[in-house]
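Notes to accompany the following structure.
Residue numbers (UniProt numbering): 1 to 233.
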């Protein structure tokens, strides 16, 4: 069965496809999550289809974006390109790269934002090592339907803040390690948009809206108290 509808093609999307109300209304599209069945109308005839759930992991290669020089016995956080908009992925180093070089990469969990992330690589040798642009460092996997919410981050502003925070560190290896850690929380450094902190933790002492249970009265003489009592009568 083929359908026709006007659609928009976007550069970045957290899902493979988003159904609009025009398509749903035109074809009377119904999703039955309990029975894992979808049904659609075609010329007054309703067709039922079972969910085609991909149980396998979706794999994306992680390739270098630019030339990178790794100093002897140093660790560098390398920016990589991953063909997914936004997700938490598991990184597995390339077996071929491990056989061809002495560089050390470890299995890790990466945060992908706008198809970009960072991978730490260690050079145990006593000489510089150069990684060309476009080299596949490994593969990333993400379980089906585990995509995270799309977020837009001002990359230039974030990089500027992080570079300012680590510029006082003279140890190159330590600086790259701290930089990699900060990039894992890079959303915190994006101040281009105001953020509202929402406190969802309840108070330890449960109170109701009421005035103070007690207040210290002003000091007064017995004569004034007596006159006040008389005036209230």
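Idealized CB from N, CA, C, for every residue including glycine.
Beta-carbon spacing of residue i, residue j below 9 Å
i, j, result
"residue 68", "residue 78", "yes"
"residue 117", "residue 111", "yes"
"residue 39", "residue 48", "yes"
"residue 182", "residue 166", "yes"
"residue 92", "residue 141", "yes"
"residue 121", "residue 89", "no"
"residue 74", "residue 157", "no"
"residue 103", "residue 70", "yes"
"residue 63", "residue 175", "no"
Reference residue i; option with closest CA among the options
i, options, result
"residue 123", "106, 46 and 183", "106"
"residue 101", "90, 113 and 136", "136"
"residue 162", "129, 80 and 191", "191"
"residue 31", "50, 43 and 113", "50"
"residue 96", "60, 138 and 108", "138"
"residue 159", "186, 224, 72 and 227", "186"
"residue 128", "180, 177, 72 and 178", "72"
"residue 184", "222, 109, 132 and 229", "109"
"residue 115", "98, 94, 155 and 99", "155"
Exposure label - residue i; buried when at least 16 CB within 10 Å
i, result
"residue 85", "buried"
"residue 80", "buried"
"residue 147", "Since pLDDT at residue 147 reaches only 43, below the 50 mark, its modelled position is unreliable, and no value is offered."
"residue 7", "exposed"
"residue 87", "buried"
"residue 119", "buried"
"residue 193", "exposed"
"residue 164", "exposed"
Cβ distance (whole Å) where residue i is taken to contact residue j below 8 Å
i, j, result
"residue 113", "residue 153", "6 Å"
"residue 5", "residue 23", "5 Å"
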